[in-house]
Amino acid sequence: MMDSVEAVEPREPAALGHFFARFIAEQSGETEESLVARTAAWLSGVQSVGDVCLDLRAHAQKPWFDQQGNTPALEDWREALLKNACVAEPPHLAPMILDAHRLYLYRFWRAEDTVGALIQARLQQPLELDMRLLQSGLTRLFASFEKEHEKDVDWQKVAAALAVMRSFAVISGGPGTGKTASLVRVLVLLLEQNPNMRIRLAAPTGKAAARMVESIRSAKQSLETDASVRDSIPDEAATLHRLLGYSPRGYRYHQDHPLMIDCLVMDEASMLDLTMMARVLEALPKTARLILLGDRDQLASVDAGNVLGDITGHGHPIAYGAAMVKQLADLTAIDAALLPQAAPAAMPPVADAIALLRKSYRFDENSRIGQLAKCVNQGDDVAQALRLLEDDSSDEVIWQANVSLDALLAQMGELYTPYLREASVEKAMALFEKQRFLCAVRRGKQGVEQINQSFSQHLMASGLLAHGDMVQGMPVMVTGNNYELNLFNGDVGLLWCNAEGKLRAYFRQADGSLRAIPAQSLPAYELAWAMTVHKSQGSEFDHVLLLLPDAPAGQAILTRELLYTAITRAKKHLTLYGSKESVQRAMGTKVERHTGLSNRLGW
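Going by our numbering, the first residue of the sequence shown is number 25, and it counts up by one from there.
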């Protein structure tokens, strides 16, 4: 039976929760042991595990976070909270907002309400389009697919048509399904409709923004369109913080000072948290388009919320209303019977704004990485996943259920030694970027911190790395945003000596070149031979080595989304270190973050 990672398990609030509980008690004239204060302490901590709200219905008549008795029945709990001046129902304001059975801190309720309302408004916003021009553009831009796959549905073409027709659209698909290929064609079609359209590209992290730019620059060269249109396709992307003009004083762009753009495209939307989504939507002009790209099956954001999952129905099959099916069929010349059509009122309106790319062009039907990713994502056939892991007919997927630390470090050495022996930083970086070691957790003997430290010592003992805190060959990951240096959280660089023998940190630019900064000028960083699966989002490697924890404390973080995300970082080879129990735990545990956004959108 599948488990869910959800708030039905009590969670001890952090120190901040106790301060908030004390504040609520003081404001209410009650004790810190009162029901409202205890609830406030619990609510204050749920964001640390990704929840936006405290779901009273899920916790009613179950143990409190401290195991001291049980919570009241739902209606009794609601009634008791609403008697307190620190709790209010919408549209009234208070430190805590009780919306039906969900209790929010005010700022999270406001963020969720803002996101829901502004998406709904865009879903109803009419557009003026030259439908004949759009139809001819779709025919021209997707002609090659139709010649090769006459009897198949071109889901990229469907996605492009849908994205152009809507003020708000989502294009979701796994690795290699053609999200960027679809996007560049969408941009062409939009520019053909309006050559003066102001389009901006953005992503949650600098690394994701750089990969977006690289993909678009490569894809747009082969497009069947006028040179003027091709040249107008933007090929620069910003982090969301830079897009919104973040500074220690706040954000430059907001609802009272909106961005001057007509269309915003955001990549890696699965990494987008609720608060940032609210800021982006508020900063967009009401007439501006918003297109989200991402994989709805990947890990959700590190911070609270599950925006892409909430918008796309958490894996729910997507089908369209009869009017949308007719429009898509007329525009794409695809048989309407082949398009998924929903019964009246069976799907929320947002479904008509979601395109799912179903065909992988990276992993064919014989790819074991592709098969394993699909099996893990579906989550209902652990036996098949284990058979795929045990299949030793090729080296595409290798599974080692038990491995010692010494053996693990030796295999890491075989993987990374070639780049350490290169003479030039260009060749070294090219080799280093082809592989990465991923961990599920940060701490513990199987966590990123311990693996990086142990591997450094291993390389120093073997003579492949000089002794010291900062020496040639060390990979580093920036752990914060530094706008002066144009370095962002998650950026990975390589320490290397330049021609004068001075140690520099080299980082890959969006145009593929390397940029060097003095090693001493690096902002806060950590070693990066190994990184967490979360940090690997937005990246792809020829070879991924994945370590799953075997201790109960480490296994608690294992989920289907984490395993799927890790597997799909690999393009050619995957080496998995982990017990059968760890694989079973991950596949049988699906993340369920408590939010109200999906409900606001009609799911």
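Where is the CB? At the ideal position from N, CA and C, for every residue including glycine.
Inspect the beta-carbon positions of Leu509 and Ser545 and report whether they are closer than 8 Å. yes
Rounded to a whole number of angstroms, what is the C-alpha to C-alpha distance between Arg134 and Leu117? 10 Å
Classification of Arg617 by the beta-carbon crowding that lies within 10 angstroms, buried from 16 upward: buried
Member of Asn513, Leu433 and Val516 whose CA lies at the smallest distance from the CA of Ser486: Leu433
Quick check: the Cα distance between Pro372 and Ile342, rounded to an integer number of angstroms? 10 Å
Can you find the residues in the same chain that come closer than 7 Å, C-beta to C-beta, to Val615, ignoring five residues on each side of it along the sequence? Val29, Ala324, Thr583 and Glu585
Taking Cβ positions, are Ala312 and Asp286 nearer each other than 8 Å? yes
Based on the DSSP secondary-structure assignment, which residues constitute the bridge partners of Glu638? Since the first residue of the chain shown is 25 and the last is 627, residue 638 is not available in this structure.
Can you check DSSP and say which residues form a bridge with Phe531? Gly517 and Arg539
State the start and end residues of the unbroken alpha helix (DSSP H) segment that holds Val685. The structure shown does not extend to residue 685, since the chain is modelled only from 25 through 627, so no value can be given for it.
Three-pair Cβ contact test at 8 Å for the region 203 to 214 versus the region 389 to 403: no
Per DSSP, what are the beta-bridge partners of Asn510 in this structure? None, per the DSSP bridge assignment.
Distance, Cα to Cα, Arg382 vs Lys596? 20 Å
On the criterion of 16 or more Cβ atoms from any shown chain inside 10 Å, does Leu40 qualify as buried, or is it exposed? Per the 10 Å Cβ criterion, exposed.
Would you list, in sequence order, the uninterrupted alpha helix (DSSP H) runs of no fewer than 4 residues that lie entirely inside the region 550 to 620? 557 to 560, 576 to 579, 584 to 591 and 604 to 611
First and last residue of the beta strand (DSSP E) that includes Ala226? Ile223 to Ala227
Nearest to Ser239 by alpha carbon, out of Leu439, Met221, Gly230 and Asp259? Asp259
Residue of Arg62, Gly497, Leu247 and Gly230 minimising C-alpha distance to Ala167: Leu247
In the DSSP output, what is Arg460 paired with across the bridge? Val568
Could you pull out every residue in the same chain whose Cβ sits closer than 6 Å to the Cβ of Val289, ignoring the five residues on either side in sequence? Leu225 and Ile315
Return the CA-CA distance between Leu332 and Ile378, expressed in angstroms with no decimal places. 11 Å
Less than 8 Å between C-beta atoms, sequence neighbours within five positions excluded: which residues of the same chain meet that for Ser563? Around Ser563: Lys231, Arg235, Arg460 and Arg593.
Could you tell me the distance, in whole angstroms, from the CA atom of Gly394 to the CA atom of Leu439? 22 Å
On the DSSP bridge list, what partners appear for Thr318? Note that residue 318 is Gly in the sequence shown, not Thr. According to DSSP, which records beta bridges pairwise, Gly318 is partnered with Ser196.
Rounded C-beta distance between Pro228 and Glu292? I'm assuming under 8 Å. 6 Å
When you compare only the Cα positions, how much space is there between Ala375 and Cys521? For Ala375 and Cys521, the gap between their C-alpha atoms comes out near 53 Å.
Would Ala185 and Ile195 qualify as a contact pair, given that the criterion is a beta-carbon distance under 8 Å? Note that the C-beta distance between Ala185 and Ile195 is not below 8 Å.
Under the three-state DSSP convention, the category Tyr270 falls into: strand
Short check: CB of Gly198 to CB of Leu621, under 8 Å? The Cβ atoms of Gly198 and Leu621 do not sit closer than 8 Å to each other.
Leu247: first and last residue of the uninterrupted beta strand (DSSP E) it sits in: Element bounds for Leu247: n/a, residue is neither H nor E.
Considering only their Cβ atoms, is the gap separating Val472 from Leu598 smaller than 8 Å? no
Which stretch, first to last residue, makes up the alpha helix (DSSP H) that contains Met484? Val472 to Ser486
What is the DSSP secondary structure of Leu117, counted as helix, strand or coil? coil
Proximity winner among Gly626, Thr619 and Arg386, relative to Cys77 (alpha-carbon distances): Thr619
Which class does Asp334 belong to by DSSP, given the choice of helix, strand or coil? The answer is helix: DSSP assigns Asp334 an H, G or I state.
Are Pro119 and Ile48 close, meaning C-beta to C-beta below 8 Å? The answer is yes: Cβ separation under 8 Å.
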